[in-house]
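In the working numbering, the protein residues as written are -15 to 421.
First comes the structure, then the notes that go with it.
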Amino acid sequence: MPPLRLDSPLGDVLDDKVAKALTKAFGMARVGDLLAHYPRRYALRGELTPIASLTVGEQVSIVAEIVSVSERRMHNRRGSLLEVVISDGEGQLSLTFFNQSWRMGELRRGRRGMFSGKVGEFRGGKQFAHPDYQLFDDLETAAQTAQALASRPIPVYPATAAVATWTIAKAVEGALDGLGEVDDPLPDDLRRRHALLPARTALEHIHRPSVIDDVAPAQQTLRMQEALVLQAGLLQQRAAVAALHARPRPAGELRESFDARLTFALTDDQASVGEQIAADLVAERPMNRLVQGEVGSGKTLVALRAMLQVAESGGQAALIAPTEVLAAQHLRSIAAMLGPDLSAKLIPTLLTGQMPAADRRRAALRVASGQSLIVVGTHALLSATTTFADLALVVVDEQHRFGVEQRDALRAKGTAPHVLVLTATPIPRTVAMTVFG
-15 MPPLRLDSPL GDVLDDKVAK ALTKAFGMAR VGDLLAHYPR RYALRGELTP
35 IASLTVGEQV SIVAEIVSVS ERRMHNRRGS LLEVVISDGE GQLSLTFFNQ
85 SWRMGELRRG RRGMFSGKVG EFRGGKQFAH PDYQLFDDLE TAAQTAQALA
135 SRPIPVYPAT AAVATWTIAK AVEGALDGLG EVDDPLPDDL RRRHALLPAR
185 TALEHIHRPS VIDDVAPAQQ TLRMQEALVL QAGLLQQRAA VAALHARPRP
235 AGELRESFDA RLTFALTDDQ ASVGEQIAAD LVAERPMNRL VQGEVGSGKT
285 LVALRAMLQV AESGGQAALI APTEVLAAQH LRSIAAMLGP DLSAKLIPTL
335 LTGQMPAADR RRAALRVASG QSLIVVGTHA LLSATTTFAD LALVVVDEQH
385 RFGVEQRDAL RAKGTAPHVL VLTATPIPRT VAMTVFG
């Protein structure tokens, strides 16, 4: 069998049941997805400890031999209790497993191994409940082997009720064993300058470190790799956007008429942000701007002035809201701010999935024909059946309700439209993009 690659399907290394479970739980499809599922922490088994000196509450590891195995039904609840007694020659310890009869096949009398867990107490005796263990083969009980196993950190993975951390650990073990060479995205001089590990070594150390000190250098290397790949992707994205041509949309009489009928003066922030947006809209490159402001700070007013600017040249503006109620509120607010004269020219239109079929058809026709220059809606605007005559501006309200793919779907309905996102609380991803590009 050829070595695995990061783009190899999970089915090449895992059985079908486990591969499907990982796909369903975490969206994993390839070996690279699995190996990018890093441990959330590491459990230390503790030093090897004689049974006679165990203290309740300690996390310890012991090397011992199984001296008895028994199973009994539980009296006060359904199920069974498997009890395994182990001895290191100086003392005995009880291991308990609830509803795990299948372990009797491997936990047989006479077998030796290393057992790790938190020391508990039951009816005057010390015990491990559901301990971690590794059984030795043949004479693999040498002191150095046991000591090495005891000092090795145990990776604990983000898991679900359907996919336990040890299932993930076993899958990762198989993937690493079969993995071939890994293309390293970091240039050699950068790696040397920052004392970073080779990509293959970083994966090995993050998933199965020999000692806990292996973890930090691996994390640093993988962080640097992710940052470099992200920046390269953003540079490509910027280049793609820069190559797009947007039709300049200069302001005119519509926005002037609107400003003249306002009964209040714009705040300094509203005016400043409005000027920046206006400058973006007359450029030949599509705008992609985030407006952050508290509730009631006038984000909708700022967006409406941008809508009027693109409407001056016959361009349409679409405002997508997260709920039907909020979309209807936006429409009423916009119509009230426009007044009867401007509303008659722009024909603000509501388009949602819950509208009666006849009303929705009429609204969709006004949008497709270009009669409506301001469109407010919900996810219905993303529908394949919704078309625009000249979509020039996409306004997204409350961005955390919409994924990147959804915003891109609406953007795709126009020819390089401008995008304006309104939010009171930007999601971490957007904050990172504003800081790092």
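Glycine is no exception: its CB is placed at the ideal position from the N, C-alpha and C atoms.
Among L303, T371 and A341, the one whose alpha carbon lies nearest that of V359 | L303
Spatially closest choice to Q490 from F106, G108 and G101, by CA coordinates | Since the first residue of the chain shown is -15 and the last is 421, residue 490 is not available in this structure.
Using DSSP bridges, identify the partner residues of R273.
-> L404
Give a yes or no on whether the C-beta atoms belonging to V103 and V47 are separated by under 8 Å.
-> no
What is the DSSP secondary structure of H384, counted as helix, strand or coil?
-> For H384, the predicted structure reports a pLDDT of 48, less than 50, and the residue's modelled location is therefore unreliable. A value from the coordinates is still provided. Looking at H384 - three-state DSSP - the assignment turns out to be helix.
Assuming L377 contacts G299 under a Cβ cut-off of 8 Å, what Cβ separation, rounded to an integer in Å, is found between them?
-> 7 Å
From A328, E240, P324 and I35, pick the residue whose C-alpha is nearest to that of F99; which is it?
-> I35
Please state whether DSSP places V266 in a helix, a strand or coil.
-> coil
Meets three-Cβ-pair contact criterion under 8 Å: the segment 232 to 240 and the segment 261 to 271 = yes
Thinking C-alpha only, which one of G41, R207, P401 and T369 is nearest V380?
-> P401
Under three-state DSSP, which class holds G104?
-> strand
Let me know the secondary structure DSSP gives I35 once reduced to three states.
-> helix
Counted within 10 angstroms of its Cβ, other Cβ atoms place G(-8) as buried (16 or more) or exposed | In the sequence under discussion, the amino acid at residue -8 is Ser, which differs from the Gly named in the question. So S(-8) ends up on the buried side.
Counting along the chain, where does the beta strand (DSSP E) carrying Q76 start and finish?
-> Q76 to F82
Straight-line gap, E308 to Q276 (C-alpha atoms, nearest Å) | 22 Å
Where the alpha helix (DSSP H) containing T284 begins and where it ends = K283 to A295
How big is the Cα-Cα spacing for R96 and A153?
-> 23 Å
What residues match up with A361 in a beta bridge as DSSP calls it?
-> Per the sequence presented here, residue 361 reads as Gly, with Ala not at that position. The partner list for G361 (beta bridge, DSSP) reads I304 and L335.
Quick one: what does DSSP say K1 is sitting in, helix, strand or coil?
-> helix
Taking DSSP as the reference, what is the three-state secondary structure of D116?
-> strand
For L19 versus A159, is the C-beta distance shorter than 8 Å?
-> yes
Span of the beta strand (DSSP E) holding E42?
-> Careful: E42 lies outside any beta strand (DSSP E) and carries neither H nor E.
Nearest CA to the CA of E157: which residue from R192, L310 and L285?
-> R192
Straight-line gap, A341 to L357 (C-alpha atoms, nearest Å) | 21 Å
For L38, collect the residues of the same chain with a Cβ closer than 6 Å to its Cβ; drop the 5 residues on either side in sequence, then sort them by chain order.
-> V103 and K110
Excluding the five sequence neighbours on either side, which residues of its own chain have a C-beta within less than 8 Å of the C-beta of R92, listed in chain order?
-> I50 and V53
Nearest neighbour of A290, chosen from F120, L(-10), R57 and V257 [CA to CA] | V257
Where G16 falls, given that 16 or more other Cβ within 10 Å makes a residue buried | buried
Along the beta strand (DSSP E) that carries S367, what are the first and last residues, could you check?
-> Neither: S367 is in no beta strand (DSSP E) and is coded neither H nor E.
Which whole-angstrom value describes the C-beta separation of R239 and L292, a residue pair presumed to lie in contact below a C-beta threshold of 8 Å?
-> 4 Å
Coil, strand or helix - G158 by DSSP = helix
Which same chain residues, not among the five before or five after G421, have their C-beta less than 7 Å away from its C-beta?
-> Here the model assigns G421 a pLDDT of 46, short of 50, so the residue's position is not dependable and the matter cannot be decided.
By how many angstroms is the C-alpha of E382 removed from the C-alpha of I138?
-> 41 Å
Taking only heavy atoms of the ligand ATP into account, decide whether any of them is closer than 7 Å to the Cβ of L228.
-> The ligand ATP is absent from the structure shown, which contains no ligands of any kind.
Over what stretch of residues does the alpha helix (DSSP H) that includes E240 continue unbroken?
-> E237 to R245
When you compare each of A244, S281, V225 and Q260 to T251 by their alpha carbons, which one comes out closest?
-> S281
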